[in-house]
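Count the sequence shown with the working numbering and you get residues 10 to 352, in order. From the three backbone atoms N, C-alpha and C, an ideal C-beta is built for every residue, glycine too.
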Amino acid sequence: MSGGVDSSAVAYLIKSQGYPCIGATMHLYTSGAEGCVTKKDIEDARHVCDLLKIEHRVVDFSSDFDKYVIRNFISAYENGFTPNPCIECNFRLKFDKLFEYAERNGYDYVATGHYAITEYSEKYGRVVLKKATDLSKDQSYVLYRISKERLARVMFPLGNVTSKSETRELAAQLGVDISAKKDSQDICFVPNGDYAKFIEEYTGKKYPEGDFIRFDGKYLGKHKGIIRYTIGQRKGLGLALDRSMYVVDKDLEQNKIIIGDTEHLMKSELFARDVNLLAVDNLDTPMRVKAKIRYKQEETDAYAVMENGLLHVTFDEPQRAISKGQSVVLYDGDIVIGGGIIS
10 MSGGVDSSAV
20 AYLIKSQGYP
30 CIGATMHLYT
40 SGAEGCVTKK
50 DIEDARHVCD
60 LLKIEHRVVD
70 FSSDFDKYVI
80 RNFISAYENG
90 FTPNPCIECN
100 FRLKFDKLFE
110 YAERNGYDYV
120 ATGHYAITEY
130 SEKYGRVVLK
140 KATDLSKDQS
150 YVLYRISKER
160 LARVMFPLGN
170 VTSKSETREL
180 AAQLGVDISA
190 KKDSQDICFV
200 PNGDYAKFIE
210 EYTGKKYPEG
220 DFIRFDGKYL
230 GKHKGIIRYT
240 IGQRKGLGLA
250 LDRSMYVVDK
260 DLEQNKIIIG
270 DTEHLMKSEL
280 FARDVNLLAV
290 DNLDTPMRVK
300 AKIRYKQEET
310 DAYAVMENGL
320 LHVTFDEPQR
330 AISKGQSVVL
340 YDGDIVIGGG
350 IIS
């Protein structure tokens, strides 16, 4: 329970359905940043639990969050990748460490405020992860790394709500002003969005300037540190260009940022590592799928197959700005087949 609308509504629903339960708030980050769970959020979560007459606990996972999420986030940028810390947090903490905590304390299920659905599929003969009813809130993309074994013991009570307003109405039945809380935004430990400044302050490093090089080898100017740029970036380059151009590649060895046109961003295939398959046990032969390469993007037609331990995805149409470190997630209709981290 984060103290927000979604998890409060879930607590209300779970208790209303007669489940014996506790509310657990994960303490993850100690900076006091507004984007993280604050003392006020913990108080709100505890207040909701008091109203529901269930126990509230604060579980300290701050060292795990630092190890698995923040350090991974920094390492990814230092190595030229564009990470998705929400996926890592779900995988490492909410559906690993929190599950272990629940099991140690005798609880069978973990329920969260994510917008997704788990249900048995006749087609695949197992419990599968599906998109939420309200597609505008669907979070199945960031949940694909849940293990098959634990998926059957996850509850997403908000998966079938039709809108966020319905969730707020559920929370309002608790009789507290929590239903009016704003949704959390951005990366929780970088609430102002300046991830490069966060990395520099956390590491104490200054990342050296290097060269902007056009795709044809022409020198364009100096960049301000390789961690400050992502594939597909156009704004904030500080270059006087005769047309709109984009970051199309990074040369870490020579500390160079490669600039090119839209055509240089287009690719028809990708490979992904750390693959997690949910609906199937293997992809030994090519499977027709819909593939999604970032959270806020529609999935597109593709073929997927495992090759030498990597997931190979081939798109019907070239895709723009495929970024190493982001995840590719595969769908069969509204069912998540699985996914991996783009390499």
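Who are the near neighbours of alanine 18 in its chain, counting only those whose CB is closer than 6 Å to its CB and skipping five residues on each side? Thr176, Leu179, Ala180
Can alanine 249 and tyrosine 86 be called in contact, C-beta distance under 9 Å? no
With DSSP collapsed to three states, give me the class of serine 253. coil
Using alpha carbons as the reference points, say which of Asn317, Ala311, Gly349, Leu287 lies closest to glutamine 328. Ala311
Are the region 65-76 and the region 316-333 in contact at 8 Å, needing three or more beta carbon pairs? no
Answer with yes or no whether the minimum CB distance from leucine 102 to chain C is below 9 Å. Looking for chain C here will not work: only one protein chain is present.
Once the 5 residues before and after glycine 269 are set aside, which same chain residues still bring their CB inside 6 Å of it? Phe224, Val257
Taking Cβ to Cβ, would you say serine 149 is nearer than 9 Å to lysine 140? yes
Below 8 Å, can you find three or more Cβ-Cβ pairs linking the region 114-127 to the region 47-62? no
Thinking C-alpha only, which one of Ile351, Lys214, Ala300 is nearest leucine 339? Ala300
Alpha carbon to alpha carbon, how far is glycine 122 from lysine 49? Give it in angstroms, no decimals. 19 Å
For leucine 102 and phenylalanine 74, what's the separation of their Cα atoms in angstroms? 7 Å
Residue interval of the alpha helix (DSSP H) (run including lysine 206): 204-212
Would isoleucine 331 and isoleucine 350 be called neighbours here (beta carbons separated by less than 9 Å)? no
Please report how far the alpha carbon of glutamate 109 lies from the alpha carbon of alanine 288, in whole angstroms. 23 Å
Just how far apart, CA to CA, sit glutamine 263 and leucine 144? 43 Å
Taking C-alpha atoms, which residue in Gly226, Gly230, Phe207, Thr212 lies nearest to glutamate 218? Gly230
Decide if tyrosine 21 is buried, meaning its Cβ has at least 16 other Cβ atoms within 10 Å, or exposed. buried
Whole angstroms is fine: what's the gap from glycine 115's alpha carbon to tyrosine 216's? 47 Å
When DSSP builds the beta bridges, which residues end up paired with threonine 309? Ala300
Smallest Cα separation from methionine 315: which of Glu307, Asp293, Lys333? Asp293
Would isoleucine 266 pass as a contact of aspartate 203 if the rule is Cβ separation under 9 Å? no
Nearest-angstrom Cβ-Cβ length linking serine 71 and leucine 37, presumed shorter than 8 Å: 6 Å
Which whole-angstrom value describes the C-beta separation of alanine 104 and proline 92, a residue pair presumed to lie in contact below a C-beta threshold of 8 Å? Reading off the sequence shown, one finds phenylalanine at residue 104, where the question assumed alanine. Not a contact, Cβ separation roughly 18 Å.
In three-state DSSP terms, what is asparagine 81? helix
Cα separation between aspartate 325 and threonine 309? 8 Å
What three-state label does DSSP hand isoleucine 235 in the structure shown? helix
Relative to the C-alpha of tyrosine 238, which candidate in Met254, Asp251, Gly226, Lys259 has its C-alpha closest? Lys259
Which residue marks the beginning of the beta strand (DSSP E) containing leucine 144, and which one marks its end? Looking at the DSSP string, leucine 144 is not in any beta strand (DSSP E), and its letter there is neither H nor E.
Within the region 11-62, note down every full beta strand (DSSP E) run reaching 3 residues or more, in order along the chain. 31-36
Local conformation of tyrosine 133 per DSSP, three classes: coil
Have a look at Leu274, Val137, Val284, Ser11 and flag the residue whose alpha-carbon is nearest the alpha-carbon of glycine 342. Val137
Rounded to whole angstroms, what's the CA-CA distance from glycine 27 to leucine 167? Just pull it up for me. 17 Å
Comparing C-alpha positions only, which one of Ser25, Gly348, Met35 sits nearest to glycine 13? Met35
Quick check on alanine 120: buried or exposed, where buried means 16 or more other Cβ atoms within 10 Å of its Cβ? buried
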